[in-house]
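A.B. asks:
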Amino acid sequence: MRYYYAPLEGITDATFRRLHSKYFSGVDKYFMPFISPTIHRCLTNREARELPKAESVPFAAVPQLLGKNVDDMLWAIAVCRDLGYDEVNINLGCPSGTVVSKGKGSGMLSDIYALDAFLEAIYAKAVLPVSLKTRIGVNDSESWEKLLEIYRDYPVRELTVHPRIRKAFYKGDCDMAAFAKAVEDSPFPVCYNGNVSSLDDAGKIAEQFPTVESIMIGRGLVADPGMLCGGTDREALKAFLNELSDTYCTVFESKRNAIYRMKDNWHYLIALFEGSEKLWKEMRKSTDYDRFMAIANEIIETLPMRPHPEINW
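First residue of the sequence shown: 8, per the working numbering; consecutive thereafter.
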């Protein structure tokens, strides 16, 4: 089984990816949180930082693009090629209200004819192989089979399916019957994404769908960074988070901003520790960097760790 790290906006940035790969093994590909190209045909400073030359990245990484304008997307694909990447991923799954309101991400699934025309133009001129990440619909999954018919008309490098509708965001159970439809007779590899918080969960997916060879994990890997290498070791976790925090202080030029980013990580990571309610409450309120780090180290050093995180999906 191949394991991919899902892109989480505001969490799995370039710093996070580099340090996760340094301290924890098992990820076959890291997918970058999306870049959204515009008519200005230039990368912002943040995008340039998040999209370094491929040769400078010591692990397999895939840029993810978000957009609905064909020319803008083709320009971005060419940029990725020039930087040395050998694949791009197009995001058709982001459920964010601000993204969907612009007709991007999972918002593109609401007009299947426009989506078909978009993909036809992309695959006709893209200078790199293109993979897709999709949901199964917007407000319902009635158009899912039609969406699959459209995807199967194109040379999709790999189709990653998050089997929820946009309306569900990340709540509730995944629609495994819908995922099964994607696996049946698809001419390209299909990757599973959604509600994987342990290797046992991944094993159940592999058992149910023996032809599926890749699983993308997001929140589960943030909550349990060492999931894919036999479990999260306390000392490795402490070293990872300390270096991550220190690096954010430099990157953001602000200890306060570093705290905010680390709190986003701890929102998921706290699920790995038992009896963390009091310290987690104190951590959320903390605005002092040294105190925040002291609480983080106290959690890691003193609280019992669960075999796998208890995430309320």
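Beta carbons are placed, not taken as given, at the ideal position from N, Cα and C, and that holds for glycine.
Remember, predicted model here, so these are calculated numbers, not experimental data.
Closest to T167 by CA distance: which of D147, P44 and P196 is it?
C.D. replies: By one-based count along the sequence shown, residue 167 stands at place 160. Put simply, of D147, P44 and P196 the residue whose alpha carbon is nearest the alpha carbon of T167 is P196.
A.B. asks: In terms of alpha-carbon separation, which member of A265, C236 and G110 lies closest to K75?
C.D. replies: Counting from one through the sequence shown, the residue named residue 75 turns up at place 68. For the residues A265, C236 and G110, the minimum Cα distance to K75 belongs to G110.
A.B. asks: From Y92, F125, K153 and Y30, pick the residue whose C-alpha is nearest to that of Q71; which is it?
C.D. replies: Here residue 71 is taken as the residue at index 64 of the sequence shown, counted from 1. The option with the nearest alpha carbon to Q71 is Y92.
A.B. asks: Identify, in the order they occur along the chain, each residue of the same chain with its Cβ nearer than 6 Å to the Cβ of V69, setting aside the five sequence neighbours on each side.
C.D. replies: Within the sequence shown, residue 69 is the residue found at index 62, counting from 1. K36, F38, E94 and N96, listed in sequence order.
A.B. asks: Would you list, in sequence order, the uninterrupted beta strand (DSSP E) runs of no fewer than 3 residues that lie entirely inside the stretch 112-182?
C.D. replies: 137-141 and 166-168
A.B. asks: Compare the Cα-Cα distances from N304 to each of P314, C198, W273 and V145 and report the closest residue.
C.D. replies: To locate residue 304, count along the sequence shown from 1; it is residue 297. Considering only alpha carbons, the answer is W273.
A.B. asks: Indicate the three-state DSSP secondary structure (helix, strand or coil) for L279 in the structure shown.
C.D. replies: As a working note, residue 279 is residue 272 in the sequence shown. It is helical.
A.B. asks: Going by DSSP, what residue range makes up the beta strand (DSSP E) through I222?
C.D. replies: The sequence position of residue 222 within the sequence shown is 215, counting from 1. Where I222 is concerned, the enclosing beta strand (DSSP E) stretches over S221 to I224.
A.B. asks: With a threshold of 16 other CB atoms inside 10 Å of the CB of E260, please say whether the residue is buried or exposed.
C.D. replies: In the sequence shown, counting from the first residue as 1, residue 260 sits at position 253. So E260 ends up on the exposed side.
A.B. asks: Determine contact between the stretch 246-266 and the stretch 294-301, defined as no fewer than three beta-carbon pairs at a distance below 8 Å.
C.D. replies: yes
A.B. asks: Can you find the residues in the same chain that come closer than 7 Å, C-beta to C-beta, to T218, ignoring five residues on each side of it along the sequence?
C.D. replies: For the purposes of this step, residue 218 is identified with residue 211 of the sequence shown, where counting begins at 1. Only V190 meet the Cβ criterion.
A.B. asks: I think M8 touches P44, with their Cβ atoms under 8 Å apart; what is that distance to the nearest whole Å?
C.D. replies: As a first step, residue 8 must be located in the sequence shown, where it is residue number 1. As a first step, residue 44 must be located in the sequence shown, where it is residue number 37. 33 Å between Cβ atoms; not a contact.
A.B. asks: Report yes if the CB atom of V229 is closer than 8 Å to the CB atom of L276, and no otherwise.
C.D. replies: Numbered from its first residue, the sequence shown carries residue 229 at position 222. Numbered from its first residue, the sequence shown carries residue 276 at position 269. Yes, the pair counts as a contact, with Cβ atoms nearer than the cut-off.
A.B. asks: Return yes when the Cβ of M234 is within less than 8 Å of the Cβ of S252, no when it is not.
C.D. replies: Numbered from 1 along the sequence shown, position 245 holds the residue referred to as residue 252. Numbered from 1 along the sequence shown, position 227 holds the residue referred to as residue 234. No, Cβ-Cβ distance for S252 and M234 is not below 8 Å.
A.B. asks: Beta-carbon within less than 6 Å of M290's beta-carbon, same chain only, minus the 5 sequence neighbours each way: which residues are those?
C.D. replies: Position 283 of the sequence shown, counting from 1, holds the residue named residue 290. Within the same chain, M290 has close Cβ partners I302.
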